[in-house]
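*Asks:*
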Ligand code: BG6
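In this note's numbering, the protein residues as written are 46 to 581.
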């Protein structure tokens, strides 16, 4: 995680026995950061969507910011013969399209030709199957000329290739650090693995064991792209940099927390993947648990990777295993937003895959005992909205009993992750006039009002941190496993059968049964599409 040491905080009383360096100290670029060390980035899946949509825009942005070393190389591996020139041209065209598209996260406007040329010159295409020895022999030859021997292997491929690629890399000696570099100069060898990391506890354990038989944990960078979002990293800043919030962040003051990742899109041509995966596996034990971890973790002693990851790991470990009664599944049917899931391409006409999942989660530790965390995610919902709402406990009503005030609206702090970036706080004020009445108002902060817009796709920080060797924003093997462990009973229900999947209309707020999940605790979901508030 990129943190700039706050030099104004340095005092002459700094203890001399322990100097804790900020992770990114050193000569600074204009952005206040140092360029990453030289390395070769090998992308398996060079022809895929992830490379086009996220990795290339991120590399381009890093180049614009001067955060990549001149000695960097990017080798794209994919099946199918192709000229490097054609690959470059393809990437350039899609980059231009995304840049011009306001709806894309990479809405850079016009591309900076100099920055693109810088990236393009470093791109090299290598045809190769992901499961044949020949590919890795060719790669080894190429990497022998790698600057400093530093190599990052990025697995931007379908998860079925994770094991064979790691095995081939390992057997070819390509994961050995300190060897294999130019003239035996040595260097780092890192593996970046995309999600899905397993499909349940057993498969995640198996994948971890497989990877760790060829590489050390310190070489493995498991990506959850939510952690690359500034608004997600800001959760810790909001919590720990504000005296208003830090003391109340506990069960004595917090009534409940809602974590929402609602999407308006359907399965977007990913029917095959989604049929196997479903909304629960796709989002809950990874993206939504990561948000939960950021909200619930204890303050770490520093931003050191292990300090942060230890505290987050404690949370995943404290999650009370979910049971069938804690979750609700839904599937969209035809509605105002379009066709039903079963009519989507590559989806079985009688599919029971869930496109919506809601869960009630308890974190059984001292700070959070008894506070429900309500998580929900779904496709084809009424609005695109990723956010966290923290509802505070009510104050005593006594003072207002002889006034016309009937009830007080709860205070809610909402951290908006996407597509809006910012926070809002719902609180009560006296309404104007001679009579004591109380009205709920909202105070909002929008990133765009304070900071220059950044056409950031979220992978910039992750790639940059990986090059620097900062693992703060990557998932450790133990956390992946404890997260899957918490949901294992839902994925493999014992006698009693599968979780029922309830219908909801495409474009709606989700299935009614999800409302019932909260209603039984006296709670209600925050509307995805709040009714327009009339200003008086
Ligand atoms: C991905 C899921 O990991 O995250 C997708 O596989 C989902 O199904 C996506 O749409 C959501 O990410 P974001 O950043 O667009 O909110």
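Think of the CB as a built atom: it goes at the ideal place given N, C-alpha and C, for glycine as much as any other residue.
On a predicted model such as this, the values are computed, not experimentally measured, just so you know.
Run the proximity test for residue 240: is its beta-carbon closer than 7 Å to any non-hydrogen atom belonging to the ligand BG6?
*Replies:* Checking the Cβ of residue 240 against the ligand BG6 gives yes.
*Asks:* In whole angstroms, what is the alpha-carbon distance linking residue 142 and residue 153?
*Replies:* Answer to the nearest angstrom: the Cα atoms are 10 Å apart.
*Asks:* Label residue 287 either buried or exposed according to how many other C-beta atoms from any shown protein chain fall within 10 Å of its C-beta, with 16 as the threshold for buried.
*Replies:* Burial call: exposed.
*Asks:* What separation, rounded to the nearest whole angstrom, lies between the Cα atoms of residue 227 and residue 179?
*Replies:* Model confidence at residue 227 stands at a pLDDT of 41, short of 50, so the residue's coordinates are unreliable; what they give is reported in the following sentence. Rounded to the nearest angstrom, the two C-alpha atoms are 21 Å apart.
*Asks:* Quick one: does the C-beta of residue 201 sit closer than 7 Å to a heavy atom of the ligand BG6?
*Replies:* Every heavy atom of the ligand BG6 is 7 Å or more from the Cβ of residue 201, so no.
*Asks:* Give me the Cβ distance between residue 416 and residue 302, rounded to the nearest whole Å; I'm assuming they're in contact under 8 Å.
*Replies:* Yes, residue 416 and residue 302 are in contact; Cβ-Cβ is about 7 Å, under 8 Å.
*Asks:* Under three-state DSSP, which class holds residue 305?
*Replies:* In the structure shown, residue 305 sits in a strand (DSSP, three-state: E or B).
*Asks:* Do the stretch 326–333 and the stretch 303–316 touch if we need at least three Cβ pairs shorter than 8 Å?
*Replies:* Flag = yes, the stretch 326–333 and the stretch 303–316 touch.
*Asks:* Does the beta-carbon distance from residue 354 to residue 521 come in below 8 Å?
*Replies:* In contact: residue 354 and residue 521 (Cβ atoms closer than 8 Å).
*Asks:* Tell me whether residue 516, by its Cβ, gets closer than 7 Å to a heavy atom of the ligand BG6.
*Replies:* No, Cβ of residue 516 sits at least 7 Å from all heavy atoms of the ligand BG6.
*Asks:* What does the alpha-carbon distance come out to for the pair residue 81 and residue 252?
*Replies:* Taking the straight line from one Cα to the other gives about 29 Å.
*Asks:* Could you tell me which residues DSSP puts in a beta bridge with residue 547?
*Replies:* Answer is 375, bridged to residue 547.
*Asks:* So, is residue 376 buried or exposed, given that buried needs 16 or more other C-beta atoms within 10 angstroms?
*Replies:* So residue 376 ends up on the buried side.
*Asks:* Here's a check: name, in chain order, each residue in its chain whose Cβ is nearer than 7 Å to the Cβ of residue 156, leaving out the five neighbours to either side.
*Replies:* Contacts found: 140, 141, 144.
*Asks:* For the candidate residues 276, 443, 202, whose alpha-carbon lies nearest to that of residue 465?
*Replies:* Nearest option by C-alpha distance: 276.
*Asks:* Shorter than 7 Å, the distance from the beta carbon of residue 402 to the closest heavy atom of the ligand BG6, or not?
*Replies:* No, since every heavy atom of the ligand BG6 falls outside the 7 Å radius drawn around the Cβ of residue 402.
*Asks:* According to DSSP, is residue 480 part of a helix, a strand, or is it coil?
*Replies:* Note: residue 480 maps to coil in three-state DSSP.
*Asks:* What residue does the beta strand (DSSP E) around residue 436 start on, and which one ends it?
*Replies:* Where residue 436 is concerned, the enclosing beta strand (DSSP E) stretches over 430–437.
*Asks:* Helix, strand or coil for residue 368 per DSSP?
*Replies:* In the structure shown, residue 368 sits in coil (DSSP, three-state: anything other than H, G, I, E or B).
*Asks:* Taking only runs that begin and end inside the stretch 212–259, name each unbroken beta strand (DSSP E) of 3 or more residues, in chain order.
*Replies:* Entirely contained in the stretch 212–259, the beta strand (DSSP E) runs reaching 3 residues are, in chain order, 234–238.
*Asks:* Identify, in the order they occur along the chain, each residue of the same chain with its Cβ nearer than 7 Å to the Cβ of residue 151, setting aside the five sequence neighbours on each side.
*Replies:* Hits under 7 Å: 102, 143, 144, 500, 502.
*Asks:* Express the C-alpha separation of residue 360 and residue 96 in angstroms, rounding to a whole number.
*Replies:* Taking the straight line from one Cα to the other gives about 32 Å.
*Asks:* In whole angstroms, what is the alpha-carbon distance linking residue 266 and residue 235?
*Replies:* C-alpha separation (whole angstroms): 7 Å.
*Asks:* Tell me which same chain residues have a C-beta within less than 6 Å of the C-beta of residue 371, skipping the five on either side of it?
*Replies:* Only 404, 405 meet the Cβ criterion.
*Asks:* Mind checking whether residue 564 and residue 367 have CB atoms under 8 Å apart?
*Replies:* Not a contact, by the Cβ cut-off of 8 Å.
*Asks:* Looking only at its chain, what residues have a beta carbon closer than 6 Å to the beta carbon of residue 124, apart from the 5 residues adjacent to it on each side?
*Replies:* Taken in chain order, the residues that qualify are 174.
*Asks:* Give a yes or no on contact between the stretch 443–463 and the stretch 481–498, applying the rule of three or more CB pairs nearer than 8 Å.
*Replies:* Counting Cβ pairs under 8 Å, three or more are found: they touch.
*Asks:* Cutting at 7 Å between CB atoms, please list the residues of its own chain near residue 269, excluding the five before and the five after it.
*Replies:* Cβ within range, chain order: 240, 331, 332, 335, 520.
*Asks:* Using the Cβ count rule (16 or more neighbours within 10 Å means buried), how would you classify residue 505?
*Replies:* Answer is buried; the Cβ neighbour count reaches 16.
*Asks:* Ends of the alpha helix (DSSP H) at residue 139?
*Replies:* Where residue 139 is concerned, the enclosing alpha helix (DSSP H) stretches over 129–145.
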